[in-house]
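Protein chains: 2
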Amino acid sequence: MKKIIYIFGLITLLSVVVSCSSTPGNTNEDNNQVSENVEESDPLPSWNEGATKTAIFNYVNDVTNTESENFIPVSERIATFDNDGTLWSEQPAYFQLFFAIDRVKVMAKDYPEWKNKQPFKAVLEDDMEELKKSGMKGLLEIIMTTHAGVTTDEFEASVQEWIKTAKHSTKGKSYTGLVFQPMLELLDYLRANDFKTYIVSGGEVDFMRALVTEVYGIPAEQIIGTRVKTEFDYNNGNPVIKRLPALDFYDDNEGKPINIHNIIGKKPVFASGNSDGDLQMLQWTASNKLRSFMLYVHHTDSIREWAYDRESDIGRLDKGLDEAIEKGWTVIDMEKDWKVIYPFEL
Amino acid sequence: MKKIIYIFGLITLLSVVVSCSSTPGNTNEDNNQVSENVEESDPLPSWNEGATKTAIFNYVNDVTNTESENFIPVSERIATFDNDGTLWSEQPAYFQLFFAIDRVKVMAKDYPEWKNKQPFKAVLEDDMEELKKSGMKGLLEIIMTTHAGVTTDEFEASVQEWIKTAKHSTKGKSYTGLVFQPMLELLDYLRANDFKTYIVSGGEVDFMRALVTEVYGIPAEQIIGTRVKTEFDYNNGNPVIKRLPALDFYDDNEGKPINIHNIIGKKPVFASGNSDGDLQMLQWTASNKLRSFMLYVHHTDSIREWAYDRESDIGRLDKGLDEAIEKGWTVIDMEKDWKVIYPFEL
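Residue numbers (the working numbering), protein chains in the order written: chain A, 27 to 372; chain B, 27 to 372.
Below, the structure is given as structure tokens:
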């Protein structure tokens, strides 16, 4: 079942990649009001005043107040964040897919036969129509070729080499520059109040670890994600862990609360996501006996970022939006709630 | 392959349980030299002076010294400890098996048919010979009946209820009282030097979390172990995670470095175990480019604890002992290195 979901996700990605060029998204050029009215003491200076910001402050002030009946001991202050679409952008496709495509181009020098072999030929020629024809089988071959067959150390190095030069096609920025400034401030604010911040993402865990630890201030051991199978090889006294071309765990939907339980062993009190794939994590958090906070990022800003929700192939927010409204969870209106989207706008 | 290893482990456990009564092990009665020569400033007061204690101090002093070429940044100070036989005793069988047997007796009131149904009848009548006849199939039935079919919350409650009254058959103490005092001091000492201490054990992770967090001062999110499969159930708005009667991950041998990579994402610099099942974790740690420390607990004390190594069904230390000697890893001689074994001897 998980494999079917995963494969479905890959097909979705493929269809999105193929339609990349028609996806909206512009670099922001008219955002000059950034530092207006920012008080020095405000821990969330990139958030506009309003119900969302107030709800966050009220929650944190309440649960960290030892006099409050909702006080939460530090050991239970677990906050989990989705990554794609929640902490950084995810359009026109998950950034990890661009890594896979770019990686094929880098690896091609060792595989001269790819010039005449699909689906690699299509990638090398930027021929998205031809890539589409290779279908799910072709995309799986690209993902597994670029994410497996190497040791964990080699994979980390390949991701770190990639990010040195990789640029987003329409924003023209490094992918790690496309993190959300207001969310960076929220992570800092929560940590300043002794919350332990985790990433719980459908993205591959070692891909994220190689990129975002420093950007988010979240160490490797607090990054949870999808995994490929691996094997330990003693390798004559120089042991390595090899990445295999097979899915081990798909960290989305029901996989999120299951992975949270397996790895953290505590139910979060704070959870944030942006899609239906995060719904189960938010439901799990909402069932905490301690006061909990559920936060959806709603992509409403077609000018500065992208606007999409119920109909989107990437980051679809449909059932989750209904449930958030029904249950009174907090929903960020990106256009109205955020003064800036990205750090480079500061 | 993992399942075969696991099943083999269960058979081993069964054979050991059946021979419980003939296993050595006495309560300690003649250990009056405990507080002799303990300096107030000694962070390891229950360790005798000698090469082992000196090696630990020298390592920690070296890698925490910013002037040393071996200095290790705090973020990389990951220390992983096996549990059974390393942090607490594991004779005459893993304590978790006694939980399973006791749990059958508690559950029996809801299953009157067990009085006449093997292997439960044998457990209820303490008839180990008959239990042995039920073989691997019977033991698997007992393990899965007692560890699955409940939610994670229910399982935690059942373990915590059990520990209130359960006593070790020969020591006459609570199982959580049979932790090793010198290792508690070592955990504290490492944490005082900004090491992050983890358990990485073949024991089931939720069983350990329910018992040992407070005993060891290690939070749930730093306890790693074997897992059963689970499923998320929305349960009409009161979501639960259900434990299923199937193995998800066996955290022993190669499973230890793999789980360490999956969950921590960093290679340890300090690792401790007591059996061949810990060897791959120690090999993985030994391959760290940072200065690392590999520590085996050798059970040499037939009077105060148990003496066993190369021939033991439980906690066999054979290949690991050879490799430790060959590579100069530190090996604790429990009889000579430890002034006391358990906290109740203080």
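Using N, Cα and C, we set each Cβ at its ideal position, and we do this for glycine too.
Environment of residue 358(B) [buried if 16+ CB atoms lie within 10 Å]: Along the second sequence, one-based indexing puts residue 358(B) at 332. It is buried - the Cβ of residue 358(B) has at least 16 other Cβ atoms within 10 Å.
Closer than 8 Å between beta carbons: that is the criterion. Which residues of the region 202-213 of chain B meet it against chain A? none
Simplified DSSP state of residue 53(B), which is helix, strand or coil: For this step, residue 53(B) is matched to residue 27 along the second sequence. With a pLDDT of 38 at residue 53(B), under the threshold of 50, the modelled position of that residue is not reliable, and the figure given next carries that caveat. The answer is coil: DSSP assigns residue 53(B) none of H, G, I, E or B.
Quick one: grab the DSSP three-state call for residue 132(A). Translated into positions along the first sequence, residue 132(A) becomes position 106. Three-state result, residue 132(A): helix.
DSSP three-state label for residue 140(B), please. Position 114 of the second sequence, counting from 1, holds the residue named residue 140(B). DSSP places residue 140(B) in helix when its eight states are reduced to three.
Given residue 237(A), which residues of its chain have a CB within under 7 Å of its CB, disregarding the five upstream and five downstream residues? Your numbering for residue 237(A) matches position 211 in the first sequence. Closer than 7 Å at the Cβ level, and outside the excluded window around residue 237(A), lie 185, 189 and 202.
So with Cβ pairs under 9 Å, would you call residue 256(A) a contact of chain B? To locate residue 256(A), count along the first sequence from 1; it is residue 230. For residue 256(A), the answer is yes, since a Cβ of chain B falls inside 9 Å of its Cβ.
Counting only beta-carbon separations shorter than 9 Å, does residue 309(A) have a partner in chain B? Here residue 309(A) is taken as the residue at index 283 of the first sequence, counted from 1. Judged by the 9 Å Cβ criterion, residue 309(A) is in contact with chain B.
From this set, 100(B), 106(B) and 152(B), which residue's C-alpha is nearest residue 309(B)'s C-alpha? If you number the second sequence from 1, residue 309(B) lands on position 283. Considering only alpha carbons, the answer is 106(B).
Cβ neighbour criterion (16 or more within 10 Å) applied to residue 110(A): What you label residue 110(A) is simply residue 84 of the first sequence in a count that begins at 1. So residue 110(A) ends up on the buried side.
Leaving out five residues before and five after residue 32(A) in sequence, what residues of the same chain have Cβ atoms less than 6 Å from its Cβ? The sequence position of residue 32(A) within the first sequence is 6, counting from 1. Low confidence applies to residue 32(A): its pLDDT is 47, below 50, so where it sits in the model is not reliable enough to give any reading.
If you follow the alpha helix (DSSP H) that residue 351(A) is in, where does it begin and where does it stop? Start at 1 with the first residue of the first sequence, and residue 351(A) comes out as number 325. Counting along the chain, the alpha helix (DSSP H) containing residue 351(A) begins and ends at 345-353.
Closer than 6 Å by C-beta to residue 86(A): which residues in its own chain qualify, once you throw out the five before and the five after it? Chain order, please. Walking along the first sequence from the start, residue 86(A) turns up at place 60. These residues qualify, in order along the chain: 219.
Taking C-beta to C-beta, are residue 321(A) and residue 297(A) nearer than 9 Å? Here residue 321(A) refers to the residue found at position 295 when the first sequence is read from its first residue. Here residue 297(A) refers to the residue found at position 271 when the first sequence is read from its first residue. Against a cut-off of 9 Å, the Cβ pair of residue 297(A) and residue 321(A) comes out as a contact.
Cβ separation of residue 356(B) and residue 171(B), assumed to be a contact under 8 Å, to the nearest whole Å: Within the second sequence, numbered from 1, the residue matching residue 356(B) stands at position 330. Within the second sequence, numbered from 1, the residue matching residue 171(B) stands at position 145. So it is not a contact: roughly 41 Å between Cβ atoms.
Can you tell which of 311(A), 180(A) and 248(A) has its C-alpha closest to the C-alpha of residue 288(B)? In the second sequence, residue 288(B) corresponds to position 262, counting from 1. Closest by alpha carbon: 248(A).
In this structure, does DSSP put residue 277(A) in helix, strand or coil? Counted from its first residue, the first sequence places residue 277(A) at position 251. It is coil, neither helix nor strand.
Could you have a look at residue 268(A) and say whether DSSP puts it in helix, strand or coil? Reading the first sequence from its first residue, position 242 is the one you call residue 268(A). Three-state result, residue 268(A): strand.
Chain-ordered neighbours of residue 306(A) on chain B, where CB pairs are closer than 8 Å: To locate residue 306(A), count along the first sequence from 1; it is residue 280. Neighbours of residue 306(A) on chain B, chain order: 258, 260 and 265.
Three CB pairs or more closer than 8 Å across the region 311-320 of chain B and the region 87-107 of chain B: yes
Taking any Cβ of chain E, which residues in the region 277-304 of chain A have a Cβ under 7 Å from it, in chain order? Reference to chain E is not applicable here, since the protein chains of this structure are A and B.
Roughly how many angstroms lie between the CA atoms of residue 368(A) and residue 211(A), to the nearest whole one? The count along the first sequence starts at 1 and reaches residue 368(A) at position 342. The count along the first sequence starts at 1 and reaches residue 211(A) at position 185. Taking the straight line joining both Cα atoms gives about 11 Å.
Closer than 8 Å by beta-carbon distance: list the chain B residues that pair up with residue 350(A), in chain order. On the first sequence, residue 350(A) is found 324 positions in, with the first residue counted as 1. The contacting residues do not exist; residue 350(A) stays about 14 Å from chain B at best.
Within its chain, find whatever has a CB closer than 8 Å to the CB of residue 76(B); leave out the 5 residues flanking it on each side and keep chain order. The residue you call residue 76(B) lines up with position 50 of the second sequence. Closer than 8 Å at the Cβ level, and outside the excluded window around residue 76(B), lie 362 and 363.
Could you please tell me which residues of the region 227-253 of chain B, in chain order, have their CB closer than 8 Å to any CB of chain A? 231, 232, 235, 245, 246, 247, 249 and 253
Residue burial classification, residue 72(A) (beta-carbon count within 10 angstroms, cutoff 16): For the purposes of this step, residue 72(A) is identified with residue 46 of the first sequence, where counting begins at 1. Looking at its Cβ environment, which holds 16 or more other Cβ atoms inside 10 Å, residue 72(A) is buried.
Which residues in chain A have a C-beta closer than 8 Å to the C-beta of residue 101(B)? List them in chain order. Stepping through the second sequence from its first residue, residue 101(B) is reached at position 75. Within chain A, the residues near residue 101(B) are 245.
Quick one: which chain B residues come within Cβ less than 7 Å of residue 313(A)? In the first sequence, the residue the question calls residue 313(A) occupies position 287. Per Cβ cutoff of 7 Å: 264 and 265.
If you measure between the beta carbons of residue 144(A) and residue 159(A), is that distance less than 9 Å? By 1-based counting over the first sequence, the position of residue 144(A) is 118. By 1-based counting over the first sequence, the position of residue 159(A) is 133. Closer than 9 Å, so yes.
Cutoff 9 Å: residue 345(B) Cβ touching any chain A Cβ: Start at 1 with the first residue of the second sequence, and residue 345(B) comes out as number 319. Answer no: the Cβ-Cβ gap between residue 345(B) and chain A never drops below 9 Å.
Can you say whether residue 166(A) is buried or exposed, counting buried as having 16 or more other CB atoms within 10 angstroms of its CB? Taking the first sequence and counting its residues from 1, one reaches residue 166(A) at position 140. Buried, by the Cβ-count rule.
Could you confirm whether any beta carbon from chain B is found closer than 9 Å to the beta carbon of residue 106(A)? As a working mapping, residue 106(A) is identified with position 80 in the first sequence. So no, residue 106(A) is outside the interface.
Using the DSSP secondary-structure output, state which residues sit across from residue 298(B) in a beta bridge. On the second sequence, position 272 is the one that residue 298(B) refers to. Paired residues: 107(B) and 321(B).
Using 10 angstroms around the beta-carbon of residue 136(A), count the other beta-carbons present and answer buried if the total reaches 16, otherwise exposed. What you label residue 136(A) is simply residue 110 of the first sequence in a count that begins at 1. Classification of residue 136(A): exposed, given that the 10 Å Cβ count is below 16.
Return the Cβ separation of residue 360(B) and residue 331(B) in integer angstroms, given the expectation that the two are a contact with Cβ distance under 8 Å. One-based indexing of the second sequence puts residue 360(B) at position 334. One-based indexing of the second sequence puts residue 331(B) at position 305. Contact holds; Cβ gap of about 6 Å.
Could you tell me whether the Cβ atoms of residue 342(A) and residue 302(A) are closer together than 9 Å? Locating residue 342(A) in the first sequence gives position 316, where the first residue counts as 1. Locating residue 302(A) in the first sequence gives position 276, where the first residue counts as 1. Yes, Cβ-Cβ distance for residue 342(A) and residue 302(A) is below 9 Å.
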